[in-house]
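**Q** For the sequence shown, our numbering puts the final residue at 502, and the numbers step up evenly by one.
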Amino acid sequence: MKKNFTGILSILLAFSLFFSLAACGKDEKETTTAAATTVADETTTVEETTLDSETTVAEETTLPEETTQPGVESTDTTGQTTSAPITAAEIVAYYNTAANKAKKDKPAYTLTTTNIIGDITSSSGLIEGLAKKVVPMFPTDPLPTVSVEKGNGSTLPVVGQNYGGKVEVSSLLDKNGATCVDKGSYYEITLKFKPEKLNGLPTDVTKIRHGQAFNMLTQQLVDNETDKFKIIVKIEKFAPNYHDSYVKCAIDKATGNMLSGTYYCVNNSDVVAKVGFSTIDANIFFGNKEEFTYKY
Numbered sequence: 207m208k209k210n211f212t213g214i215l216s217i218l219l220a221f222s223l224f225f226s227l228a229a230c231g232k233d234e235k236e237t238t239t240a241a242a243t244t245v246a247d248e249t250t251t252v253e254e255t256t257l258d259s260e261t262t263v264a265e266e267t268t269l270p271e272e273t274t275q276p277g278v279e280s281t282d283t284t285g286q287t288t289s290a291p292i293t294a295a296e297i298v299a300y301y302n303t304a305a306n307k308a309k310k311d312k313p314a315y316t317l318t319t320t321n322i323i324g325d326i327t328s329s330s331g332l333i334e335g336l337a338k339k340v341v342p343m344f345p346t347d348p349l350p351t352v353s354v355e356k357g358n359g360s361t362l363p364v365v366g367q368n369y370g371g372k373v374e375v376s377s378l379l380d381k382n383g384a385t386c387v388d389k390g391s392y393y394e395i396t397l398k399f400k401p402e403k404l405n406g407l408p409t410d411v412t413k414i415r416h417g418q419a420f421n422m423l424t425q426q427l428v429d430n431e432t433d434k435f436k437i438i439v440k441i442e443k444f445a446p447n448y449h450d451s452y453v454k455c456a457i458d459k460a461t462g463n464m465l466s467g468t469y470y471c472v473n474n475s476d477v478v479a480k481v482g483f484s485t486i487d488a489n490i491f492f493g494n495k496e497e498f499t500y501k502y
């Protein structure tokens, strides 16, 4: 009995580790924003390519419906200084410029994070049974909004890099991967990323498509968290398959400042862990939605 109890605790710990790394919480289906004048509906078609030996391209999947853009503070926009980006290349360049400007200027901002966790499957019925009990223990609501002062951009995308955006057109869906909507004083840019399947967690986010825009879970972060539990649990495989990811942001016409940005990034990860003398496996759906509102 003691042995079985210890084994169950170890498995629960393993799942708790996965969930804490995954930033857990169940997100609801998203609703569509009210229609507005579309500046660009389609993008140029490009062939999918493998970025590096670490990355393979998965089949395209349908994105969830878009969410309503978070509140955008009004900005003095007397005298429009930019014309609307139309082609995919123009939209991507416009986004990268604004994201890099925010990264460099480090304005004050608020950040609201919604952690997401979905279905968990395993070859073991015990694991799936435990998952059904463990998942409801984690919060489903957005975390408390964090306010960050001007000059502190430590959590701005892309964390750990000297850029805010290095998005390439080839990283986006071939159809409607980059769109721009004229909202009057600002443009609303939406970038929808192609699925991306990795053989393991990245050690260099610059070598993967999602690392061009999103804050990423890396091998180093997982190692730092799991090292303290290495006597009990050893993760042997952590291979994410990213899908349905998008960026939606508001960029002021007059200044080129990014006013707000929503980063939705989820994946299904194949995880294999050594727990004592046993090996457990699971496929875990997780990710998060980060919502930034900038204050200049």
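Positions of the beta carbon are idealized from the N, C-alpha and C atoms, including for glycine.
These numbers come from a predicted model, not from an experiment.
Provide the residue(s) that pair with H449 in DSSP beta bridges, ordered along the chain.
**A** As a first step, residue 449 is located in the sequence shown; it is residue number 243 there, counting from the start. Looking at the DSSP assignment, H449 forms a beta bridge with V472.
**Q** My assumption, with CB atoms under 8 angstroms, is that I323 sits in contact with F491. Please give the rounded CB distance.
**A** Within the sequence shown, numbered from 1, the residue matching residue 323 stands at position 117. Within the sequence shown, numbered from 1, the residue matching residue 491 stands at position 285. With 8 angstroms as the limit, I323 and F491 qualify as a contact, their Cβ atoms being about 7 angstroms apart.
**Q** According to DSSP, what are the bridge partners of M464?
**A** One-based indexing of the sequence shown puts residue 464 at position 258. Beta-bridge pairing links M464 to I457.
**Q** Based on the DSSP output, what are the partners of S360 in its beta bridges?
**A** Translated into positions along the sequence shown, residue 360 becomes position 154. S360 pairs with nothing; no bridge assigned.
**Q** So the beta strand (DSSP E) Y393 belongs to, where does it begin and stop?
**A** If you number the sequence shown from 1, residue 393 lands on position 187. From DSSP, the beta strand (DSSP E) with Y393 extends over 392-398.
**Q** Under the three-state reduction of DSSP, which class applies to L378: helix, strand or coil?
**A** In the sequence shown, counting from the first residue as 1, residue 378 sits at position 172. In this structure, L378 counts as strand in the three-state DSSP scheme.
**Q** Between the segment 356-374 and the segment 436-445, do at least 3 Cβ pairs fall closer than 8 angstroms?
**A** Result no; under three Cβ-Cβ pairs closer than 8 angstroms.
**Q** Could you please give the first and the last residue of the uninterrupted alpha helix (DSSP H) stretch that includes Y301?
**A** The residue you call residue 301 lines up with position 95 of the sequence shown. Y301 -> alpha helix (DSSP H) spans 294-311.
**Q** Are there three or more Cβ pairs, one per stretch, closer than 8 angstroms when the segment 419-434 is compared with the segment 401-411?
**A** The answer is yes - the segment 401-411 touches the segment 419-434, with three or more Cβ pairs under 8 angstroms.
**Q** CA-CA distance, L397 and K495?
**A** As a first step, residue 397 is located in the sequence shown; it is residue number 191 there, counting from the start. As a first step, residue 495 is located in the sequence shown; it is residue number 289 there, counting from the start. The straight-line gap from Cα to Cα measures roughly 14 angstroms.
**Q** Could you check what DSSP says for T187 in three-state terms: helix, strand or coil?
**A** Nothing in the structure corresponds to residue 187, since the chain is present only between 207 and 502.
**Q** Roughly how many whole angstroms lie between the Cα atoms of V373 and S466?
**A** The count along the sequence shown starts at 1 and reaches residue 373 at position 167. The count along the sequence shown starts at 1 and reaches residue 466 at position 260. Taking the straight line from one Cα to the other gives about 17 angstroms.
**Q** Alpha carbon to alpha carbon, what distance is there between E402 and A488?
**A** Sequence index remark: in the sequence shown, residue 488 carries index 282 (1-based). Sequence index remark: in the sequence shown, residue 402 carries index 196 (1-based). Their Cα atoms are separated by approximately 19 angstroms.
**Q** In this structure, what does DSSP give as the bridge partners for Y315?
**A** For the purposes of this step, residue 315 is identified with residue 109 of the sequence shown, where counting begins at 1. Answer by DSSP bridge pairing, in chain order: V354, Y500.
**Q** Throw me the rounded Cβ distance for the Y315 and Y500 pair, which I believe falls under 8 angstroms.
**A** Position 109 of the sequence shown, counted from the first residue, corresponds to residue 315. Position 294 of the sequence shown, counted from the first residue, corresponds to residue 500. So it is a contact: roughly 5 angstroms between Cβ atoms.
**Q** Report all residues from its chain with a CB closer than 6 angstroms to the CB of C455; omit the five preceding and five following residues, and keep chain order.
**A** Taking the first residue of the sequence shown as 1, we reach residue 455 at position 249. Closer than 6 angstroms at the Cβ level, and outside the excluded window around C455, lie I395, M464, G467.
**Q** Taking just the CA atoms, how far does T351 sit from Y452?
**A** Locating residue 452 in the sequence shown gives position 246, where the first residue counts as 1. Locating residue 351 in the sequence shown gives position 145, where the first residue counts as 1. The alpha-carbon atoms of Y452 and T351 are separated by roughly 21 angstroms.
**Q** Name the DSSP bridge partner or partners of A384?
**A** Within the sequence shown, residue 384 is the residue found at index 178, counting from 1. A384 pairs with L397.
**Q** Is the beta carbon of A295 closer than 8 angstroms to that of V158?
**A** With the chain running from 207 to 502 in the structure shown, residue 158 is simply not present.
**Q** Which term fits N405, buried or exposed, when burial requires 16 or more other beta carbons within 10 angstroms of its beta carbon?
**A** One-based indexing of the sequence shown puts residue 405 at position 199. By the 10 Å Cβ count, N405 comes out exposed.
**Q** Using the three-state DSSP reduction, which class does L404 fall into: helix, strand or coil?
**A** Translated into the one-based positions of the sequence shown, residue 404 becomes position 198. DSSP places L404 in strand when its eight states are reduced to three.
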